[in-house]
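When we follow our numbering, the leftmost residue of the sequence shown carries the number 26, and every step to the right adds one. Glycine included, each C-beta is placed from N, C-alpha and C at the ideal position.
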Amino acid sequence: MWRDADFRRLWVGQTASQLGEHTTLVVLPLFAVLTLDAGAGQLGVLRAVGQAPVLLLSLLAGAWVDRWRARTVMVLTDAGRAVALGAAAVAGLLGLLGLPALFVVAFTVGALSVLFDVAYQASLVRMVRRDQLVQGNSALEGSRSAAQIGGPALGGALVSLLSAPVATASGALFFAVSFLSLRRIRRHEAVPPVRGERPERAPRIRHRIHEGLRFVAGNPWLRAVCLASAAFQFSLAATMTVYLLFLPRELQLPGATVGLALAATGPGALLGSVLAARLPGRFGHGAVLVSAAVLGNGALLCVPALHGSSTATVLALLAVNFVFGAFSQLVNVTVMSVRQAVTPDGMQGRAAATITFVGMGLTPLGSLLGGFLAQEWGLRAGLLVAAAGMMLSPAVMAASPLVRLGRRLTL
Numbered sequence: 026m027w028r029d030a031d032f033r034r035l036w037v038g039q040t041a042s043q044l045g046e047h048t049t050l051v052v053l054p055l056f057a058v059l060t061l062d063a064g065a066g067q068l069g070v071l072r073a074v075g076q077a078p079v080l081l082l083s084l085l086a087g088a089w090v091d092r093w094r095a096r097t098v099m100v101l102t103d104a105g106r107a108v109a110l111g112a113a114a115v116a117g118l119l120g121l122l123g124l125p126a127l128f129v130v131a132f133t134v135g136a137l138s139v140l141f142d143v144a145y146q147a148s149l150v151r152m153v154r155r156d157q158l159v160q161g162n163s164a165l166e167g168s169r170s171a172a173q174i175g176g177p178a179l180g181g182a183l184v185s186l187l188s189a190p191v192a193t194a195s196g197a198l199f200f201a202v203s204f205l206s207l208r209r210i211r212r213h214e215a216v217p218p219v220r221g222e223r224p225e226r227a228p229r230i231r232h233r234i235h236e237g238l239r240f241v242a243g244n245p246w247l248r249a250v251c252l253a254s255a256a257f258q259f260s261l262a263a264t265m266t267v268y269l270l271f272l273p274r275e276l277q278l279p280g281a282t283v284g285l286a287l288a289a290t291g292p293g294a295l296l297g298s299v300l301a302a303r304l305p306g307r308f309g310h311g312a313v314l315v316s317a318a319v320l321g322n323g324a325l326l327c328v329p330a331l332h333g334s335s336t337a338t339v340l341a342l343l344a345v346n347f348v349f350g351a352f353s354q355l356v357n358v359t360v361m362s363v364r365q366a367v368t369p370d371g372m373q374g375r376a377a378a379t380i381t382f383v384g385m386g387l388t389p390l391g392s393l394l395g396g397f398l399a400q401e402w403g404l405r406a407g408l409l410v411a412a413a414g415m416m417l418s419p420a421v422m423a424a425s426p427l428v429r430l431g432r433r434l435t436l
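In structure tokens, the structure reads:
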């Protein structure tokens with residue numbers, strides 16, 4: 026695959042896009058907390074606004090991607106995110122970037138990210154053979170891991186050392202790089218026929234959405250993936266909302282250190298991507314999914330026990346985030362391979378979007394819950410409750426057909 030120039034361009038573009046996305050995910054909340062002195066409730070609303078497009082647009086995104094060329098979708102969304110963040114950077118330099126503007130920017134970037142994420146998952150299936158999916162996913166998820174390393178650290182450092190507008194501009198730059206790389210893909214991408222479509226007439230978008238929902242709901246493995254993902258993403262959204270308040274306010278860590286701590290998930294995720302290409306084939310996909318989810322999610326339960334801003338505290342945070350990143354990525358890549366293996370080509374976009382819709386559709390509510398827990402119960406107790414909720418995900422997988430998956434995906 027690495028000898029394929031178009032695959033390399035996809036990899037570079039996806040890496041730059043993910044780096045811009047992860048930088049922005051840290052920059053906007055830190056700007057709100059450290060510069061605008063946003064409270065727990067306001068931060069919860071900001072994160073919920075950025076996540077709301079997952080609930081509002083995922084199903085539409087899947088139907089659109091199955092009808093369009095994935096490259097076109099990715100190029101247009103990169104351009105849109107670069108423009109939105111560039112405008113936000115200019116507004117910030119002029120002193121006009123307040124909370125209302127942050128809400129608009131967060132929603133716009135979130136909406137375009139939903140389209141991009143569905144499109145890049147569908148593009149891989151249209152570019153490589155089925156027996157190359159695990160290796161291709163490992164490469165692309167490895168690039169997302171690299172973005173998790175660089176994005177939070179860079180975003181936190183720029184907000185702390187320079188300014189929020191400069192940090193916002195860096196996100197726009199990364200999306201521009203992705204735009205230029207993906208535009209250079211030369212392979213003609215044939216849009217696969219939509220399942221059930223009559224050649225002389227494209228089905229209505231409502232019909233395509235309904236067909237995607239019915240396909241996922243009728244498949245026992247994909248149905249279990251949806252439920253486990255929903256439990257994980259809801260609890261993670263609540264946890265991260267409290268977490269982004271806990272580090273600077275309870276532990277008194279500066280923005281650069283917060284970014285460094287969050288960036289530790291990146292090296293862990295990079296390791297998880299490598300392990301995902303080997304462990305499922307050795308120990309079985311089901312055993313890897315459940316055990317990795319228990320270890321990764323359970324690591325976050327250690328954070329509420331930390332006190333102060335000492336070197337030991339920072340090292341403990343780095344270790345926790347590394348472990349969480351490694352095992353979460355192992356779960357993510359394995360689940361993605363399962364989903365792609367059981368889904369026909371013409372249904373890939375809608376299957377990915379349906380799982381995203383169900384799995385991440387509750388994240389805005391999770392963010393609001395995190396803000397409520399932090400405000401009403403305190404940061405330490407709120408973080409403990411939110412992190413404990415993440416153990417629901419491995420419990421769901423252990424009670425589903427996923428746990429019985431063997432070394433080969435013969436579904």
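Tell me where the alpha helix (DSSP H) around residue i begins and ends.
{"i": "Ser260", "result": "245 to 270"}
{"i": "His332", "result": "Segment: none, His332 is in no alpha helix (DSSP H) and carries neither H nor E."}
{"i": "Phe56", "result": "Where Phe56 is concerned, there is no enclosing alpha helix (DSSP H), given that its DSSP letter is neither H nor E."}
{"i": "Gly407", "result": "404 to 414"}
{"i": "Thr290", "result": "290 to 301"}
{"i": "Leu22", "result": "Shown here, the chain extends from 26 to 436; a query on residue 22 therefore has no answer."}
For residue i, name the three-state secondary structure that DSSP assigns.
{"i": "Asp62", "result": "coil"}
{"i": "Val51", "result": "helix"}
{"i": "Gly395", "result": "helix"}
{"i": "Ser148", "result": "helix"}
{"i": "Arg120", "result": "Per the sequence shown, the amino acid found at residue 120 is Gly instead of Arg. Coil."}
{"i": "Ser425", "result": "coil"}
{"i": "Ile234", "result": "helix"}
{"i": "Ile210", "result": "coil"}
{"i": "Glu222", "result": "Bear in mind that a pLDDT of 48 at Glu222, under 50, signals an unreliable position, so the model cannot answer this."}
{"i": "Arg33", "result": "helix"}
{"i": "Ser188", "result": "coil"}
{"i": "Ala227", "result": "Unreliable placement is indicated for Ala227, whose pLDDT of 45 sits below 50; no coordinate value is reported for it."}
{"i": "Pro279", "result": "coil"}
{"i": "Asn357", "result": "helix"}
{"i": "Ser418", "result": "helix"}
{"i": "Arg28", "result": "coil"}
{"i": "Pro389", "result": "helix"}
{"i": "Arg92", "result": "coil"}
{"i": "Leu287", "result": "helix"}
{"i": "Pro369", "result": "coil"}
Given a cut-off of 9 Å on the beta-carbon distance, is the pair residue i and residue j in contact?
{"i": "Val139", "j": "Arg106", "result": "no"}
{"i": "Arg432", "j": "Phe352", "result": "no"}
{"i": "Thr282", "j": "Leu272", "result": "yes"}
{"i": "Val98", "j": "Phe141", "result": "yes"}
{"i": "Gly69", "j": "Gly396", "result": "yes"}
{"i": "Leu82", "j": "Ala136", "result": "yes"}
{"i": "Ala366", "j": "Gly87", "result": "no"}
{"i": "Ala256", "j": "Leu417", "result": "yes"}
Between the options, which has its C-alpha nearest residue i's C-alpha?
{"i": "Phe259", "options": "Trp89, Ala378, Ser392, Pro329", "result": "Ser392"}
{"i": "Ala312", "options": "Thr359, Gly297, Leu287", "result": "Thr359"}
{"i": "Val428", "options": "Leu394, Gln354, Ser316", "result": "Ser316"}
{"i": "Ala406", "options": "Leu430, Leu355, Glu275", "result": "Glu275"}
{"i": "Gly350", "options": "Val328, Ala289, Leu390, Leu238", "result": "Ala289"}
{"i": "Ala197", "options": "Leu110, Thr264, Leu390", "result": "Leu110"}
{"i": "Arg92", "options": "Arg72, Thr266, Val143, Phe347", "result": "Val143"}
{"i": "Leu44", "options": "Asp31, Gly291, Leu84, Ala77", "result": "Gly291"}
{"i": "Ala324", "options": "Leu404, Val345, Val267", "result": "Val345"}
{"i": "Val8", "options": "Leu430, Ala57, Phe56", "result": "Not covered by the structure: residue 8. The range shown for the chain is 26 to 436."}
{"i": "Asp29", "options": "Phe199, Ala77, Pro78, Arg211", "result": "Arg211"}
{"i": "Arg72", "options": "Ala253, Thr388, Gln277, Pro245", "result": "Thr388"}
{"i": "Ser203", "options": "Ala41, Ala256, Leu285", "result": "Ala41"}
{"i": "Leu186", "options": "Asp103, Leu55, Gly120, Gln67", "result": "Leu55"}
{"i": "Gln76", "options": "Ala63, Gly64, Trp89, Leu50", "result": "Leu50"}
{"i": "Thr193", "options": "Leu85, Ala172, Ala164, Glu46", "result": "Glu46"}
{"i": "Asp103", "options": "Ala201, Ser168, Trp402, His332", "result": "Ala201"}
{"i": "Val79", "options": "Ile380, Leu398, Leu247", "result": "Ile380"}
{"i": "Leu122", "options": "Val191, Leu269, Leu287", "result": "Val191"}
Report yes or no: is there a C-beta of chain B within less than 9 Å of the C-beta of residue i?
{"i": "Glu46", "result": "As a matter of chain content, chain B is missing from the structure shown, which is built from one protein chain."}
Is residue i near the ligand NAD, with its Cβ less than 8 Å from a heavy atom?
{"i": "Met265", "result": "For the ligand NAD, the structure offers nothing, since it holds no ligand at all."}
Does the stretch 34 to 52 come close enough to the stretch 189 to 207 to have 3 or more Cβ pairs within less than 8 Å? Yes, the stretch 34 to 52 is in contact with the stretch 189 to 207.
At least three beta-carbon pairs within less than 8 Å, the stretch 229 to 246 to the stretch 302 to 319: Fewer than three Cβ pairs drawn from the stretch 229 to 246 and the stretch 302 to 319 lie within less than 8 Å of each other, which leaves the two stretches out of contact.
So does the stretch 414 to 423 actually touch the stretch 291 to 301, counting three or more Cβ pairs closer than 8 Å? Fewer than three beta-carbon pairs drawn from the stretch 414 to 423 and the stretch 291 to 301 are found closer than 8 Å, and the two stretches are therefore not classed as touching.
Evaluate the contact criterion for the stretch 323 to 341 versus the stretch 404 to 419: three or more CB pairs, one atom per stretch, below 8 Å. A contact exists between the stretch 323 to 341 and the stretch 404 to 419.
Cβ contact check for the stretch 332 to 342 and the stretch 365 to 378: 3 or more pairs under 8 Å: Contact fails: fewer than three Cβ-Cβ distances are below 8 Å.
Do the stretch 123 to 132 and the stretch 176 to 187 meet, that is, are 3 or more Cβ pairs less than 8 Å apart? No, because fewer than three Cβ pairs between the stretch 123 to 132 and the stretch 176 to 187 fall closer than 8 Å, the two stretches do not touch.
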